[in-house]
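Heads up: the structure comes next, in structure tokens.
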Ligand SMILES: [Zn+2]
């Protein structure tokens, strides 16, 4: 089975595909212990016209028999930084620490992030994401003055160019102390609203954190914006800004969506504190995105020839048990915050399975890279497979979880609007002229 076998007419039946219960809400079938059932998918005019349980040996005439390969809806990547992506060759992280990342990126941004530089690296990142099967992506945009005046217009142009291939959203990114400049922050919120964006800040423990959070919520309410936080990306147990965000959401009566990323320190805190924070998060309607690859890379790196002893990720299982929507996402790619990565959400899911134990049972964890981030991003119909929905899915070689998650699946087939796409990854050499040090 190769992509050439998918008819270019966009009219076909894929028979004997393996679908997961958590990603096919409308399918009535006998799902096995791993959550899979065999089914036939009929595609016409860019849409899925039907999904029905497979009735072997009565395979429909003319159907392509996929022999039990897994088919998943296209991925939704809810937390990335495509404005930072791929600067590693010219600005590596000197020691692999969080501070090393912050300082290196800040220096590179001030010196090199022209509109052309940002636009070319963004386009490179999106071609990777598209080839791997991503259909929607939220990026944070460093919005420390004067970068916001460069990156937001670039983002708007890139979003337009990519419309129909990758649905793009952006959230502004700045340390919450930047909110102290009321007038500037108000103008940033207006800029974000004009771009139909999301209001985002990085939170950490400051004496005036509660007041600053109130200002963030006030601007979000005023402009009708959703919120997206980077919170407590640290092993410091005294970092409780996640709890402060939940409290601020409650006392401000916020009704928009709130996504909080990282929340690393929660995993280090005493049980009673954790339970209190989880209660407040659930009550406030927070959703959480964990960034397992970036956390594994940056957290618990002590720089004194020691071995890391914790995984850096937050308490996703405990959150999910409380009904808190939880997702995982790519975060950084080939920049000082993470030296690797290619916006491949199958890689993210594979790594998350290993780091966060998304297995035995798998349950509905596949929603963490599909329908859950889609819901947080308000993208109807994304991240599930259903009759009447878009024919946007990925055909893998693996027929069960151990096959799917053991190989890179570099030969997966990505179908968009009912047609197999060209999945050539861009050559790194394309960016060489931007990487001169
Ligand atoms: Zn991030």
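Numbering (the numbering used here), first residue to last: 14 to 450.
Just so you know, even glycine gets a beta-carbon here, dropped at the ideal spot from N, CA and C.
Beta strand (DSSP E) segment containing residue 215, residue limits: For the purposes of this step, residue 215 is identified with residue 202 of the chain shown, where counting begins at 1. It spans 212-216 - the beta strand (DSSP E) in which residue 215 sits, taken as one unbroken run.
Which whole-angstrom value is the C-beta distance of residue 133 and residue 438, which I expect to be below 8 Å? Taking the chain shown and counting its residues from 1, the one referred to as residue 133 is at position 120. Taking the chain shown and counting its residues from 1, the one referred to as residue 438 is at position 425. Rounded, the Cβ-Cβ distance is 16 Å, inconsistent with contact.
Should residue 403 and residue 411 be called a contact, given that it needs their Cβ atoms to be closer than 8 Å? On the chain shown, position 390 is the one that residue 403 refers to. On the chain shown, position 398 is the one that residue 411 refers to. Cβ atoms of residue 403 and residue 411: not closer than 8 Å.
Nearest residue (CA-CA) to residue 213, options 169, 326 and 269: Mapped onto the chain shown, residue 213 falls at position 200. Among 169, 326 and 269, the Cα nearest to that of residue 213 is on 269.
By how many angstroms is the C-alpha of residue 220 removed from the C-alpha of residue 153? Within the chain shown, the letter at position 140 stands for residue 153. Within the chain shown, the letter at position 207 stands for residue 220. Straight-line spacing of the CA atoms in residue 153 and residue 220 works out to 25 Å.
Considering only their Cβ atoms, is the gap separating residue 304 from residue 274 smaller than 8 Å? Walking along the chain shown from the start, residue 274 turns up at place 261. Walking along the chain shown from the start, residue 304 turns up at place 291. In contact: residue 274 and residue 304 (Cβ atoms closer than 8 Å).
Can you tell me whether DSSP reads residue 343 as helix, strand or coil? Here residue 343 is taken as the residue at index 330 of the chain shown, counted from 1. Three-state DSSP puts residue 343 in coil, outside helix and strand.
Taking C-beta to C-beta, are residue 422 and residue 409 nearer than 8 Å? Here residue 422 corresponds to residue number 409 of the chain shown, with the count starting at 1. Here residue 409 corresponds to residue number 396 of the chain shown, with the count starting at 1. Cβ atoms of residue 422 and residue 409: closer than 8 Å.
Counting only runs that start and end within the segment 290-345, where is the beta strand (DSSP E) found for 3 or more residues in a row? Listed in chain order, the complete beta strand (DSSP E) runs (minimum 3 residues) inside the segment 290-345 are 299-303 and 339-341.
Can you tell which of 74, 141, 113 and 54 has the C-alpha that lies nearest to the C-alpha of residue 93? Start at 1 with the first residue of the chain shown, and residue 93 comes out as number 80. Comparing Cα positions, the closest option is 141.
Can you pull the DSSP bridge partners for residue 85? Working through the chain shown from its first residue, we reach residue 85 at position 72. As computed with DSSP, residue 85 is found in a beta bridge with 407.
Would you say residue 400 and residue 61 are within 8 Å of each other, going by their C-beta atoms? Translated into positions along the chain shown, residue 400 becomes position 387. Translated into positions along the chain shown, residue 61 becomes position 48. Yes; because the gap between Cβ atoms is below 8 Å, this pair is in contact.
Using the beta-carbon count (16 or more within 10 Å), is residue 361 buried or exposed? Along the chain shown, one-based indexing puts residue 361 at 348. With 16 or more other Cβ atoms within 10 Å, it is buried.
Which residue comes first and which comes last in the alpha helix (DSSP H) that contains residue 164? Translated into positions along the chain shown, residue 164 becomes position 151. Taken as a continuous stretch (DSSP letters only), the alpha helix (DSSP H) holding residue 164 covers 160-175.
Only counting the same chain, and skipping five residues up and downstream in sequence, which positions put a Cβ closer than 6 Å to that of residue 157? The count along the chain shown starts at 1 and reaches residue 157 at position 144. So the qualifying residues of the chain are 187.
Please go through the same chain and pick out, in chain order, the residues whose beta-carbon is closer than 6 Å to the beta-carbon of residue 131, but skip the five residues on each side of it. In the chain shown, residue 131 corresponds to position 118, counting from 1. Excluding residues within five positions, the ones whose Cβ falls inside 6 Å are 96, 164 and 167.
When the Cβ atoms of the segment 189-202 are set against those of the segment 222-233, are three or more pairs found closer than 8 Å? Under the Cβ criterion (8 Å, minimum of three pairs), the segment 189-202 counts as touching the segment 222-233.
To the nearest angstrom, how far is it from the Cα of residue 236 to the Cα of residue 50? The count along the chain shown starts at 1 and reaches residue 236 at position 223. The count along the chain shown starts at 1 and reaches residue 50 at position 37. Their backbone Cα atoms lie some 45 Å apart in a straight line.
Pair within 8 Å by beta-carbon distance, residue 323 and residue 372: Taking the chain shown and counting its residues from 1, one reaches residue 323 at position 310. Taking the chain shown and counting its residues from 1, one reaches residue 372 at position 359. No, they are not a contact pair.
Which residues bound the alpha helix (DSSP H) around residue 63? Sequence index remark: in the chain shown, residue 63 carries index 50 (1-based). In the DSSP assignment, residue 63 falls outside any alpha helix (DSSP H) and lies within the beta strand (DSSP E) extending over 60-66.
Short check: CB of residue 53 to CB of residue 35, under 8 Å? Here residue 53 refers to the residue found at position 40 when the chain shown is read from its first residue. Here residue 35 refers to the residue found at position 22 when the chain shown is read from its first residue. Going by C-beta atoms, residue 53 is not nearer than 8 Å to residue 35.
For residue 33, the first and last residue of its enclosing beta strand (DSSP E): Here the question's residue 33 lines up with position 20 in the chain shown. For residue 33, the enclosing beta strand (DSSP E) covers residues 25-33.
Between residue 153 and ligand 1, is there a pair consisting of the residue's CB and a ligand heavy atom that are separated by less than 7 Å? Residue 153 sits at position 140 when you count from the first residue of the chain shown. Yes, the beta carbon of residue 153 sits closer than 7 Å to at least one heavy atom of ligand 1.
Taking C-alpha atoms, which residue in 47, 37 and 338 lies nearest to residue 374? Working through the chain shown from its first residue, we reach residue 374 at position 361. For the options 47, 37 and 338, the alpha carbon positioned closest to that of residue 374 is the one of 47.
Assign residue 257 to buried or exposed, taking buried as 16 or more other Cβ atoms, counted over all protein chains shown, within 10 Å of its Cβ. If you number the chain shown from 1, residue 257 lands on position 244. It counts as buried.
I want to check one thing, is the minimum distance from the CB of residue 92 to the heavy atoms of ligand 1 below 7 Å? As a position in the chain shown, residue 92 is number 79, starting the count at 1. Checking every heavy atom of ligand 1 against the Cβ of residue 92, one is found closer than 7 Å.
Is any heavy atom of ligand 1 found at a distance shorter than 7 Å from the C-beta of residue 243? The residue given as residue 243 occupies position 230 in the chain shown. At least one heavy atom of ligand 1 falls within 7 Å of the beta-carbon of residue 243.
Measuring only between beta-carbons, confirm whether residue 269 sits less than 8 Å from chain D. As a matter of chain content, chain D is missing from the structure shown, which is built from one protein chain.
CB of residue 169 within 8 Å of CB of residue 202, strictly: As a working mapping, residue 169 is identified with position 156 in the chain shown. As a working mapping, residue 202 is identified with position 189 in the chain shown. No, Cβ-Cβ distance for residue 169 and residue 202 is not below 8 Å.
Have a look at 312, 176, 171 and 259 and flag the residue whose alpha-carbon is nearest the alpha-carbon of residue 277. Numbered from 1 along the chain shown, position 264 holds the residue referred to as residue 277. Per the C-alpha coordinates, the member of 312, 176, 171 and 259 positioned closest to residue 277 is 312.
Which one or two residues does DSSP pair with residue 151 in a beta bridge? Start at 1 with the first residue of the chain shown, and residue 151 comes out as number 138. Residue pairing by DSSP places residue 151 opposite 182 in a beta bridge.
Cβ-heavy atom distance between residue 444 and ligand 1 below 7 Å? The residue given as residue 444 occupies position 431 in the chain shown. No, since every heavy atom of ligand 1 falls outside the 7 Å radius drawn around the Cβ of residue 444.
Would the C-beta of residue 36 count as close to ligand 1, meaning under 7 Å from any of its heavy atoms? The sequence position of residue 36 within the chain shown is 23, counting from 1. Using a cutoff of 7 Å, the CB of residue 36 does not count as near ligand 1, since none of the ligand's heavy atoms is closer than that.
Is it buried or exposed, residue 144, if we count other Cβ atoms within 10 angstroms and call 16 or more buried? Locating residue 144 in the chain shown gives position 131, where the first residue counts as 1. Burial call: buried.
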